[in-house]
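Student:
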Amino acid sequence: MADDWSSPRTSNVFYLGDVLNIEASVSQADHQPLRLFVDSCVATLVPDQTSTPRYAFIKNHGCLTDAKTTGSSSQFMPRPQDGKLRMKLDAFRFYQDARSSIYITCLLKVTAASQRVSAEPVILAALGAVVGLVCVAVLGTVLYRLGATDQYLS
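Be aware that the sequence shown starts at 1, since it is given in UniProt numbering, and climbs by one per residue.
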């Protein structure tokens, strides 16, 4: 996506240090309103998500593990609506590999928008929180940083 999220980016070329704006959405036509979640995302050098090398930058039901990397600016962005998810991911290359294309594959899940996600600790654990580790998960329109002490991000 473009820097302002208004349209697809005109170039698919990124350099180290660039940030990729990634948006996923589900059509809201002809059915009840839906809320979209990301379960996992993996980057590979070929379209096969099970190939190696691979980098799972979202795992554990929505934990953005790349955000835990020192110096990373990767993050989930506030939802513009229930059926859309946005994230920023730092551009990267695989170590000692000169190939220039990287494939990103994500497993997405939807629920009825009327099915509210509670901020109960048990629910948070089911969405990827691991006690003692910092994990960023999207819950409704609020971002939570989960760890030793829960903090709400604005």
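For each residue, glycine too, the CB sits at the ideal point set by N, CA and C. Keep in mind the model is a prediction, meaning the values are calculated, not measured.
Excluding five sequence neighbours on each side, which residues of the same chain lie with their C-beta closer than 8 Å to the C-beta of S51?
Tutor: By one-based count along the sequence shown, residue 51 stands at place 51. Taken in chain order, the residues that qualify are T44 and L45.
Student: In this structure, how does DSSP classify T105 when only helix, strand and coil are distinguished?
Tutor: One-based indexing of the sequence shown puts residue 105 at position 105. DSSP places T105 in strand when its eight states are reduced to three.
Student: Report the option in V26, Q28, R9 and S27 whose CA atom is closest to the CA atom of V19.
Tutor: Working through the sequence shown from its first residue, we reach residue 19 at position 19. Taking only the C-alpha atoms, the option nearest V19 is R9.
Student: Are there 16 or more other CB atoms within 10 angstroms of the CB of V136, so buried, or fewer, so exposed?
Tutor: The sequence position of residue 136 within the sequence shown is 136, counting from 1. Unreliable placement is indicated for V136, whose pLDDT of 41 sits below 50; the coordinate value is still reported in the next sentence. Buried, since its Cβ has 16 or more Cβ neighbours within 10 Å.
Student: Can the beta-carbon of K109 be found closer than 9 Å to that of L64?
Tutor: Along the sequence shown, read from residue 1 onward, the residue named residue 109 stands at position 109. Along the sequence shown, read from residue 1 onward, the residue named residue 64 stands at position 64. Contact: no.
Student: Check this for me: beta carbons of Y55 and F94, under 9 Å apart or not?
Tutor: The residue labelled residue 55 in the question sits at position 55 within the sequence shown. The residue labelled residue 94 in the question sits at position 94 within the sequence shown. Against a cut-off of 9 Å, the Cβ pair of F94 and Y55 comes out as a contact.
Student: Could you check what DSSP says for V19 in three-state terms: helix, strand or coil?
Tutor: Mapped onto the sequence shown, residue 19 falls at position 19. Correct three-state label for V19: strand.
Student: Between I104, K84 and S100, which has its C-alpha nearest T111's C-alpha?
Tutor: Here the question's residue 111 lines up with position 111 in the sequence shown. Ranking the options by Cα distance to T111, first place goes to K84.
Student: Rounded to whole angstroms, what is the Cα-Cα separation between G17 and D90?
Tutor: Working through the sequence shown from its first residue, we reach residue 17 at position 17. Working through the sequence shown from its first residue, we reach residue 90 at position 90. G17 and D90: Cα-Cα distance of roughly 7 Å.
Student: Using only CA atoms, which one of A29, R86 and P53 lies nearest to R99?
Tutor: As a first step, residue 99 must be located in the sequence shown, where it is residue number 99. Nearest option by C-alpha distance: P53.
Student: From the DSSP output, in three-state form, read off T111 for me.
Tutor: Position 111 of the sequence shown, counted from the first residue, corresponds to residue 111. Three-state DSSP puts T111 in a strand.
Student: What is the DSSP secondary structure of D39, counted as helix, strand or coil?
Tutor: Residue 39 sits at position 39 when you count from the first residue of the sequence shown. In this structure, D39 counts as strand in the three-state DSSP scheme.
Student: Let me confirm a value: N60 is counted as buried when at least 16 other C-beta atoms fall within 10 Å, else exposed. Which label applies?
Tutor: As a first step, residue 60 must be located in the sequence shown, where it is residue number 60. Classification of N60: buried, given that the 10 Å Cβ count is 16 or more.
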